[in-house]
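Enquirer:
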Amino acid sequence: MRPPLRLAVAAASLLAALPLGAQTPAPAPAPAPAPAANPFAPVPIAPHPLAGPISAPYVRTTPPTDRVIQRIVEEGTARSDVARLAQALSDSVGPRLSGSPANLGASDWALAQYRAWGVPARRERYGTFAGWRRGVTHLDLLTPRVRTLEATTLAWSPGTGNRYLDGEVVALPDSTVAGGFDAWAAGHARGRFVLVSAPQRSCRSPQQWEEFGTPESRERERAAQDSVRQAWGARVRAAGPASVVSAGGSGGPGGLQERLRAAGALGVLTSTFSNYPGIDKIFGSPRQVLPTLDVSCEDYGLLARLAERGSRPRVRLFADGEALGEQPVYNTVAELRGREKPDEYVVLSAHFDSWDGASGATDNGTGTVVMMEAMRILKQVLPRPRRTILAGHWTGEEQGLNGSRAFTEDHPEVVRGLQALFNQDNGTGRIVNMSAGGLRGAGPALRRYLGEIPGEITRFIRFDDVGAPAAGGSDNASFACYGAPAFGLGSLSWDYGFTTWHTNRDTYDKLVMDDVRSNALLVAMLAYQASEDPQTMPRDRVDPLPVSPATGRPGTWPSCTKALRSTEGYRR
Ligand SMILES: [Zn+2]
0 MRPPLRLAVA AASLLAALPL GAQTPAPAPA PAPAPAANPF APVPIAPHPL
50 AGPISAPYVR TTPPTDRVIQ RIVEEGTARS DVARLAQALS DSVGPRLSGS
100 PANLGASDWA LAQYRAWGVP ARRERYGTFA GWRRGVTHLD LLTPRVRTLE
150 ATTLAWSPGT GNRYLDGEVV ALPDSTVAGG FDAWAAGHAR GRFVLVSAPQ
200 RSCRSPQQWE EFGTPESRER ERAAQDSVRQ AWGARVRAAG PASVVSAGGS
250 GGPGGLQERL RAAGALGVLT STFSNYPGID KIFGSPRQVL PTLDVSCEDY
300 GLLARLAERG SRPRVRLFAD GEALGEQPVY NTVAELRGRE KPDEYVVLSA
350 HFDSWDGASG ATDNGTGTVV MMEAMRILKQ VLPRPRRTIL AGHWTGEEQG
400 LNGSRAFTED HPEVVRGLQA LFNQDNGTGR IVNMSAGGLR GAGPALRRYL
450 GEIPGEITRF IRFDDVGAPA AGGSDNASFA CYGAPAFGLG SLSWDYGFTT
500 WHTNRDTYDK LVMDDVRSNA LLVAMLAYQA SEDPQTMPRD RVDPLPVSPA
550 TGRPGTWPSC TKALRSTEGY RR
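Here it is as C-alpha cells:
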C-alpha cells in the first residue's frame, strides 16, 4: 500500500516469492530514498500452487450437506453478480482516491447496490483528507520531434491553471554541481520541467534479460543501472534531506519541490518502473506543490537521454487537476442485523479506496466486490443471521489503514463483540492461504468451517493452525492489534506486486472472474458459519509467536496505532 519505492519493491518481491503467504505488501516503517525499481531483480518462480489439490482433513471429498451452504452455492453460481459489479466499479466508477469526489461517488454507487438488494447500508464519517479532482492531462514532446508522451499526473498533483505550459526538460544536476543545488536551480530551473527520478537504461522485463541476455551483458547492465541509481540517489539527496520522501520528490517545507517552485520551475517529472514495459506505479502526495507527473519508463528514458545528450527537449503540458482542500472522508458500512446476538459481529473487510493511476481493479476492487457479493448472497439465504454481519468498505487504507483504525476507535463494541473478521486485499486470485492469526483456539473453529465448504472451493487452501496476527499491510491489522479474531484471506498472486499493485495497469481486464466468484462463495460460507456458530471464537493468544523466518526471532504481538483523521500529520 505505501509509496517509498525501495520498500515497495522489496515487499513486492516478497509477495512474488510467497504466493501462498499473501497479504498486501507490508507498511513502510520510515521514509527512504526513492530509487527506481531494479529491473534486474530476480522474480522468484515458486512451484505452481495449483499444481495439485492438497489433501487435508478440512478439504471435503463429498458434497456439502449443510442446506444453507448448498443454497449459497446455488445463489452465487447461478445468479452470480460479481462480473457486473466489478465492471461497473472498475470502468464506470473508476479509481477511488481518499478524499476525492470520485471516492464519494463510489460510496454512493455501493449504497445504491445495497439498497437494491434490501441490505441496510450507511456512510460513517471519520475525519477529513486532502480533496483532489483528477482532470484532463496531456504531455507532448515538441522538440526535437513531436510525440505524445505517456504521462499521468500523480495523485494530488497541482494543475497548470487551465493553461498550456511549454518548457525545456532538464535533469537534476549532479550532486557535486558547483555552488550547490540552489545555485543550480536559480540558473537552470526557471521555466523548465525537472526530471527527478533515475531513468531506467532498459524498460524490458527482468524475465527477458534472464531468458535472452548473455551472462556478460546481464551483468554489465546490472552494474550500469546500479551506478545510475546511486548517482540519482545522490542528486536527490543533494537537493535536501526532505527531498527523498516520495517519488514525486515532495517532502513538504524545504523539500525538493518547494525549492524548485521557489526557483520558478514549471513542473516535476518522475517515473516508477514496475518491471514490465509500459507498467509504472503511480503514487502521489498532498504535499506536492508543482504539477507532478509519472512518465512511462520508455518516454522518461527518451526525455532523460535527450536532456543528457544536449538535445534540449521541450515539452508542452496541460494538466487540469484541482486541489479541493480538506474534505470529509467516510467508511461505507452495510449491515445484516443479528437475530439472537446482535452485539456480536462478523465483519467482511476490504478497503474501498485506491490509488489513482488506473481503475483500482485489483487493489482493491476485487476485495470490495467479493464482500458485496457475499452480502448479496447472505441477504438471500440468511436474511436474519444469528450474529450481526457487517461489510466494512474502508477508506484511507492506502495512507495508513486510517478508515479501519478509526472504525475500531469509534466502535469498541464491534471489536469487543467480534466473532470473526475476514479481510481480502491482495488481488484477484483464488484464496489459497488462511491462518488462525496467532489465536490458539481459532484454528479448530476455522478448520471446522472449512470442513463444511465444498472441496472445489477449499482444495487449494493451505490453512495454518497457528499463524500470526497481521501487523500491518491491510485492514485486518487494525483489529488484530486488539487481540480480536481478524483473519486475512491470502490470494494467489497473479504477479500482483509488479503487474497491478498501485500501477497504471490495474484495470478490469486483469480480473480473473472465476477466482473472484469462488472467493465470494468462500466468504459467504465463512460468514454464515461464524454467524451461526454456537461457540464464541476463542481469543487466547499464542505468545510468544512462532519464530519468523524473516528475522529468526519469535514474532511479537502488534500494538494498535491511532487513526490519522486529517491530512495534517500525514508525512508522505
Ligand atoms: Zn490494497
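For the sequence shown, the positions run 0 to 571 when numbering that gives the first Met the number 0 is used. All residues carry an ideal CB built from backbone N, CA and C; glycine is no exception. Computed from a predicted model, the values in this text were never measured in an experiment.
Starting from the Cα of V369, find the closest Cα among D542, N425, Q398, V541 and give me that residue.
Expert: Measuring from the Cα of V369, the nearest candidate turns out to be N425.
Enquirer: Using the Cα positions of G104 and A306, report the straight-line distance between them to the nearest angstrom.
Expert: When rounded, the distance between both Cα atoms is 42 Å.
Enquirer: What's the gap between the Cα of G402 and the Cα of V346?
Expert: Straight-line Cα distance between these residues: approximately 14 Å.
Enquirer: So, with DSSP's three-state summary, where would you put N425?
Expert: Coil at N425, not helix or strand.
Enquirer: Please look up how many angstroms separate the CB atoms of V328 and Y125, rounded, as I've assumed it's under 8 Å.
Expert: So it is a contact: roughly 6 Å between Cβ atoms.
Enquirer: Between P198 and chain D, is there a C-beta pair that is closer than 8 Å?
Expert: Absent from the structure: chain D. Only one protein chain is present.
Enquirer: Which whole-angstrom value describes the C-beta separation of G482 and R540, a residue pair presumed to lie in contact below a C-beta threshold of 8 Å?
Expert: Contact holds; Cβ gap of about 6 Å.
Enquirer: Is the Cβ-Cβ distance between Y344 and Q418 less than 8 Å?
Expert: Cβ distance < 8 Å, so Y344 and Q418 count as in contact.
Enquirer: Suppose you measure from the CA of A405 to the CA of K561; what does that come to, to the nearest Å?
Expert: Spanning the two alpha carbons is a distance of roughly 8 Å.
Enquirer: A170 to L194, Cα distance in whole Å?
Expert: Each residue's alpha carbon lies about 5 Å from the other.
Enquirer: Going by the beta-carbon positions, is the gap between A333 and L389 smaller than 8 Å?
Expert: Contact flag set, yes.
Enquirer: Quick check on the DSSP output: the alpha helix (DSSP H) that includes P572 runs from which residue to which?
Expert: No answer is possible for residue 572: it lies beyond the span of the chain, which begins at 0 and ends at 571.
Enquirer: At a cut-off of 7 Å, is N363 close to ligand 1 when judged by its beta-carbon and the heavy atoms of the ligand?
Expert: Indeed, a heavy atom of ligand 1 lies less than 7 Å from the Cβ.
Enquirer: Kindly indicate which residue of A444, R336, G324 has the alpha-carbon position closest to the one of S97.
Expert: That would be G324, whose Cα lies nearest to the Cα of S97.
Enquirer: With H, G and I counted as helix, E and B as strand and the rest as coil, what does DSSP make of E339?
Expert: Reduced to three states, the DSSP call for E339 is coil.
Enquirer: Would you mind sorting R1 into buried or exposed? The rule is 16 or more other CB atoms within 10 Å of its CB.
Expert: With a pLDDT of 33 at R1, under the threshold of 50, the predicted position of this residue should be treated as unreliable, and no value is reported.
Enquirer: So is R336 buried or exposed if we call it buried at 16+ other beta carbons inside 10 Å?
Expert: Classification of R336: exposed, given that the 10 Å Cβ count is below 16.
Enquirer: Exposed or buried, which one is R564 when buried takes at least 16 other CB atoms within 10 Å?
Expert: Label assigned to R564: buried.
Enquirer: Out of L289, P172, D181, state which residue places its alpha-carbon closest to the alpha-carbon of G232.
Expert: Ranking the options by Cα distance to G232, first place goes to P172.
Enquirer: Taking 8 Å as the threshold (C-beta atoms), are R132 and N99 in contact?
Expert: Reading off the sequence shown, one finds Ser at residue 99, where the question assumed Asn. Contact flag set, yes.
Enquirer: Hey, would you say the C-beta of E396 is under 7 Å away from at least one heavy atom of ligand 1?
Expert: Under cutoff, so the answer is yes.
Enquirer: Taking only runs that begin and end inside the stretch 127-169, name each unbroken beta strand (DSSP E) of 3 or more residues, in chain order.
Expert: Within the stretch 127-169, the complete beta strand (DSSP E) runs of at least 3 residues are 136-142, 150-152.
Enquirer: Give me the Cα-Cα distance between L400 and G178, rounded to the nearest whole angstrom.
Expert: Rounded to whole angstroms, L400 to G178 spans 43 Å at the Cα level.
Enquirer: With a threshold of 16 other CB atoms inside 10 Å of the CB of T23, please say whether the residue is buried or exposed.
Expert: Because T23 sits at a pLDDT of 42, beneath the cut-off of 50, its placement in the model cannot be relied upon, and the following sentence gives the value as read from the coordinates. So T23 counts as buried.
Enquirer: Should the stretch 439-447 be called in touch with the stretch 372-388, which here means at least 3 C-beta pairs below 8 Å?
Expert: No: fewer than three Cβ pairs fall under 8 Å.
Enquirer: Report buried or exposed for Y163, applying the criterion of at least 16 other Cβ atoms within 10 angstroms of its Cβ.
Expert: Burial call: exposed.
Enquirer: Taking the straight line between their C-alpha atoms, what separation do you get for W155 and A109?
Expert: Distance between the alpha carbons of W155 and A109: 24 Å.
Enquirer: Quick one: measure Cβ to Cβ for L420 and A485, integer angstroms, because I've assumed they're closer than 8 Å.
Expert: With a Cβ gap of about 4 Å, L420 and A485 count as contacting.
Enquirer: With DSSP run on the structure shown, which of helix, strand or coil describes Y329?
Expert: Three-state result, Y329: strand.
Enquirer: To the nearest angstrom, how far is the alpha carbon of S434 from that of R538?
Expert: Whole-angstrom Cα-Cα distance: 14 Å.
Enquirer: Would you kindly work out how many angstroms separate the C-alpha atoms of G130 and D355, rounded to a whole number?
Expert: The straight-line gap from Cα to Cα measures roughly 13 Å.
Enquirer: Rounded to whole angstroms, what's the CA-CA distance from L302 to Q199? Just pull it up for me.
Expert: About 11 Å.
Enquirer: CA-CA distance, N589 and H350?
Expert: Shown here, the chain extends from 0 to 571; a query on residue 589 therefore has no answer.
Enquirer: State the Cα-Cα distance for the pair Q534 and D342, rounded to the nearest angstrom.
Expert: Their backbone Cα atoms lie some 15 Å apart in a straight line.
Enquirer: Report the rounded CA-to-CA distance for Q256 versus A188, giving the unit in angstroms.
Expert: C-alpha separation (whole angstroms): 11 Å.
Enquirer: For G324, which three-state DSSP category applies?
Expert: In the structure shown, G324 sits in a strand (DSSP, three-state: E or B).
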